[in-house]
Amino acid sequence: MKVARASRKGIEAILIGHNGHPEVEGTMGQYNNSAGGIYLVESLEDVWQLQVKNVNNLCFITQTTLSIDDTSDIIDALHQRFPSIIGPRKDDICYATTNRQEAVRNLTITADVVLVVGSKNSSNSNRLAELAQRIGKPAYLIDSANDIQESWLQGMNIIGVTAGASAPNIIVLQVISMLQSLGADSVEELIGCKENIMFEPQLKLEYVYFSELEAILTKSALFSSGKWHQILWSIHWSRRYNSGRSSFQHIYAGYQVISTDPSYFHQIVTLTYPHIGNTGINDIDHESLRVQAQGLVIRNLSLVASHYRSILPLSEYLKQKNVIGISEIDTRKLT
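With this note's numbering as the guide, the letters of the sequence shown map in order to residues 10 to 344.
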């Protein structure tokens with residue numbers, strides 16, 4: 010939302026993040042004002058080489074899965090180079106990522122090897138493994154208990170287990186269970202820092218109207234294939250497959266989830282790469298290969314319409330899949 014606001018006002022935006030990360034790609038895509046510009050910086054060198062249009066009309070934002078440690082040097086350099094630059098509030102920093110990195114530091118004091126539960130695409134999970142390695146401990150990033158290789162554990166007395174901010178707790182428990190089956194005889198939980206940050210409960214959505222579309226909030230987020238990745242306040246769903254000579258990717262990348270009521274599966278999102286249907290090119294456009302998306306609430310349907318491909322009219326497709334669009338004015342009271 011900060012990037013979209015900067016785009017509307019013509020303020021140039023500098024994004025601190027990792028090239029190729031879904032959140033970064035989505036955030037960059039929210040800026041569309043040619044009078045300004047958005048720039049990605051990954052290192053101090055990027056900061057010193059960066060050329061902007063107006064040094065007095067700048068703001069910066071950070072990838073949400075980066076911690077204070079990940080960004081502090083770059084932020085300091087931005088303030089040195091552009092004294093008038095405006096940054097986010099301190100409470101916008103991802104405290105969960107920062108706390109996890111501090112926990113890994115404490116874990117490496119006693120652990121002989123560290124297992125980090127998290128997706129290979131998760132920036133904060135990768136940083137946790139890299140941090141343990143920099144400290145001098147072998148560390149491995151695993152998606153699940155099935156990724157554990159017994160050779161990693163040979164000669165290791167204490168095995169440390171941590172998880173990225175988006176890793177489900179059930180997978181962590183499965184990893185611990187696997188380690189016990191491999192011979193671990195005791196489990197000790199280290200007490201980390203107490204998290205006192207509280208989030209205000211979000212407004213529950215009962216009905217949302219968009220043109221002729223109406224839906225009741227129900228447990229209807231069903232996906233026939235692929236994988237959901239919950240990344241803090243963002244969601245990213247993708248599926249890759251090959252068909253003959255063509256390669257396809259189905260992807261939803263949404264940010265700023267508004268509805269967080271755990272009793273429902275509806276997600277209210279801003280889709281930044283909102284592909285509904287087949288995003289590849291094939292001589293025969295098989296309807297059976299469509300992503301079966303159910304129960305998404307989308308802020309901006311114009312983005313969806315511009316990427317949509319199907320034999321069905323868009324409005325009919327959305328009705329069938331229980332995908333709802335809501336206008337900006339409808340969501341202001343929800344944010």
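Think of the CB as a built atom: it goes at the ideal place given N, C-alpha and C, for glycine as much as any other residue.
The beta strand (DSSP E) enclosing residue i, as first and last residue numbers
i             : result
alanine 22    : 21-25
leucine 67    : 67-71
valine 170    : 168-172
isoleucine 47 : 47-50
leucine 75    : Segment: none, leucine 75 is in no beta strand (DSSP E) and carries neither H nor E.
valine 196    : Where valine 196 is concerned, there is no enclosing beta strand (DSSP E), given that its DSSP letter is neither H nor E.
alanine 148   : 148-151
Residue i, buried or exposed, once every other Cβ within 10 Å from all chains shown has been counted against 16
i            : result
aspartate 82 : exposed
arginine 14  : exposed
threonine 73 : buried
alanine 262  : Here alanine 262 scores only 32 on pLDDT, less than 50, and its place in the model should not be relied on; the value that follows carries that caveat. Alanine 262 is buried by the Cβ-count criterion.
glutamate 32 : buried
valine 196   : exposed
arginine 143 : exposed
alanine 148  : buried
lysine 129   : exposed
Proximal residues to residue i (C-beta, below 8 Å), its chain only, five neighbours per side dropped
i           : result
leucine 67  : Ile20, Glu21, Ala22, Ile23, Val61, Phe91, Ser93, Ile94 and Ile95
arginine 40 : According to the sequence as given, residue 40 is tyrosine; it is not arginine. Closer than 8 Å at Cβ, skipping near neighbours: Val12, Ala13, Ala15, Ser16, Ala22, Gly46 and Ile47.
serine 186  : Ala154
valine 56   : Val50, Ile83, Ala86, Leu87 and Arg90
glycine 97  : Here residue 97 is proline; the residue named in the question, glycine, does not match the sequence. So the list reads Lys11, Phe69, Ile70 and Thr71, once near-sequence residues are dropped.
C-beta atoms of residue i and residue j nearer than 8 Å
i              : j              : result
isoleucine 84  : valine 12      : no
leucine 191    : leucine 162    : yes
isoleucine 346 : leucine 75     : Limits of the chain in this structure are 10 at one end and 344 at the other, which puts residue 346 out of reach.
valine 126     : methionine 165 : no
isoleucine 167 : threonine 117  : no
isoleucine 77  : threonine 107  : yes
isoleucine 157 : leucine 124    : yes
Nearest-angstrom beta carbon gap, residue j and residue i [assumed within contact, 8 Å]
i            : j              : result
glycine 173  : asparagine 133 : 5 Å
serine 153   : glutamine 183  : 7 Å
leucine 49   : alanine 86     : At roughly 15 Å, the Cβ-Cβ gap does not stay under 8 Å, so leucine 49 and alanine 86 are not in contact.
histidine 88 : glutamate 51   : That pair is no contact at about 18 Å.
Bounding residues of the alpha helix (DSSP H) (the contiguous stretch that carries residue i)
i              : result
alanine 15     : 11-18
valine 64      : Per DSSP, valine 64 belongs to no alpha helix (DSSP H) and is neither H nor E.
isoleucine 180 : 178-190
valine 33      : 31-38
isoleucine 144 : 132-144
leucine 162    : 159-162
Residues of its chain near residue i, where Cβ-Cβ distance is below 6 Å and the 5 sequence neighbours each way are ignored
i             : result
valine 113    : Leu137, Leu140, Ala141 and Thr171
lysine 18     : none
asparagine 42 : Ser16 and Gly19
glutamate 111 : none
glutamate 34  : none
alanine 176   : Val126 and Gly127
lysine 146    : Thr117 and Val123
Sequence-distant residues of its chain with Cβ nearer than 7 Å to residue i (five each side left out)
i             : result
glutamate 159 : Leu191
asparagine 65 : Ser93
aspartate 194 : none
valine 181    : Val126, Val170 and Ala172
histidine 30  : Gln72 and Ser132
aspartate 79  : Arg136
alanine 44    : Gly19
asparagine 63 : Glu21
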